[in-house]
Amino acid sequence: MTSARRTIHTANADIAVADTGGTGTPVLLIHGNSNGKDVFREQLEAPELRNLRLIAMDLPGHGDSSDAVDPAAYSIAGYADAAFAVLEGLGVAEAVVMGWSLGGHIGIEMLSRRLGVRGLMIVGTPPTATGILGLMRGFHVSLGLLLATRARLAPVEMRRFAAICFGDAADERVMQMIARTDVRARPALFWSMMKGMSADQRSTVEQAPEPIAVVNGDNEPFARLDYLEGIQYGNLWRGRCHVLGGAGHAPFLQTPAAFNELLGAFVADVAARPQAAPTTIGQCFA
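If you want this note's numbering, it's the 1-based position in the sequence shown plus 1.
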């Protein structure tokens with residue numbers, strides 16, 4: 002598939018977007034910390050997903066997007082505002098969201114607002130309760146997590162972070178995305194999460210009526226898989242968490258065929274559900 006490149010102008014940043022277009026179900030792909038939309042190339046270019054409208058965005062301060070005017074935008078709530086602004090700018094009233102790592106937390110924040118999200122797939126994302134103890138229960142404390150909070154990374158640290166996130170799939174493109182990230186972004190995100198996210202993410206997924214798919218690699222380095230299994234989701238897709246063998250933190254890039262099969266099936270199931278009354282994404286900014 003080919004995707005058109007667009008820029009959505011928002012109050013805090015100019016957001017770069019890749020959009021495959023068409024009349025299929027819109028699927029918003031949200032990347033992780035210090036990465037960009039290019040990590041979803043195996044989805045954007047996949048013939049088996051050509052029936053979907055895939056929309057991949059660069060978060061403010063990442064990829065081809067501009068840095069944020071206000072560093073407060075480098076928070077889960079601020080990033081969710083940017084994601085809603087992208088959908089509104091593209092004229093998309095409702096979408097399925099696939100969020101990876103940080104992108105999954107953004108997707109949960111979007112879901113908590115009860116506007117525009119028909120279904121959510123989270124990858125490498127533990128929905129945690131508020132507070133430091135909630136975060137510690139969901140995450141492995143590791144070098145990778147520490148690097149994800151640092152303003153500036155030396156080249157050796159960037160290579161280490163890339164290897165933790167992508168394993169053998171780490172390449173020069175990944176290194177460029179890490180190096181490009183606004184130096185304000187990682188510390189601002191860390192401190193915003195320490196102060197508490199605007200929504201209790203565990204409660205959100207336990208109470209949400211929308212379908213939630215949980216997909217991880219069997220070698221996931223950040224999220225605790227046992228923690229994810231122990232959550233009482235309000236509407237867990239197919240009644241279980243999905244674990245892909247031979248993958249780590251980025252199964253969409255490490256095992257794309259298996260991942261794309263799950264993504265396509267999830268979106269098809271969500272699209273087959275009765276559609277709720279129309280919502281206005283612009284209400285998020287009222």
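Every residue, glycine too, gets a C-beta built ideally from N, C-alpha and C.
- A163 and L134 have their alpha carbons spaced roughly 27 Å apart.
- Shown here, F140 sits in a strand according to DSSP, grouped into three states.
- In this structure the stretch 116-125 does not lie against the stretch 142-151, because fewer than three pairs of beta carbons, one per stretch, are closer than 8 Å.
- If you look at V206, you'll find it in the alpha helix (DSSP H) that goes 202-208.
- Rounded to whole angstroms, the gap between the alpha carbons of I31 and R160 is 22 Å.
- Beyond the five residues adjoining it in sequence on each side, V70 comes within less than 6 Å, by CB distance, of N13 in the same chain, given in chain order.
- The three-state reading of DSSP puts H106 in helix, counting H, G and I together.
- Judged by DSSP secondary structure, P257 falls outside any beta strand (DSSP E) and instead within the alpha helix (DSSP H) spanning 257-273.
- In this structure, DSSP gives P188 a helical state, which the three-state scheme calls helix.
- G135 carries a helical assignment under DSSP once its states are collapsed to helix, strand and coil.
- In terms of Cα proximity to Q276, the closest of P212, A200, V87 is P212.
- At the C-beta level, D39 and M178 come within 8 Å of one another.
- In the DSSP assignment, R119 falls within the unbroken beta strand (DSSP E) covering 118-124.
- According to the DSSP assignment, L30 belongs to the beta strand (DSSP E) that extends over 27-31.
- Distance check between D183 and each of W101, G64, R51 places G64 closest, using alpha-carbon atoms only.
- Take A152, set aside five residues on each side of it, and the residues of its chain with a beta-carbon closer than 8 Å to its own are V184, R185, R187, P188, in chain order.
- Setting aside the 5 residues that flank it on each side, A130 is surrounded in the same chain by D201, R203, each with a C-beta closer than 6 Å to its C-beta; the list follows chain order.
- Distance check between H250 and each of M194, L237, D219 places D219 closest, using alpha-carbon atoms only.
- In the DSSP assignment, R174 falls within the unbroken alpha helix (DSSP H) covering 173-181.
- Using a Cβ distance threshold of 8 Å, V28 and R54 count as a contacting pair.
- In its chain, beyond the 5 residues on either side, D59, H63, G64, M178 have a beta carbon closer than 6 Å to the beta carbon of G37.
- In this structure, DSSP gives M195 a helical state, which the three-state scheme calls helix.
- In the structure shown, D59 falls within a coil segment according to DSSP collapsed to helix, strand and coil.
- Judged by pairs of C-beta atoms under 8 Å, the stretch 216-233 touches the stretch 241-258, as three or more such pairs exist.
- Your pair L254 and A170 checks out as a contact, with CB atoms roughly 5 Å apart and the cut at 8 Å.
- The Cβ atoms of I109 and L121 sit closer than 8 Å to each other.
- Secondary structure at L146: helix, using DSSP grouped into helix, strand and coil.
- For G100, the enclosing beta strand (DSSP E) covers residues 96-101.
- Cα atoms of A94 and A259: separation of roughly 29 Å, rounded to the nearest angstrom.
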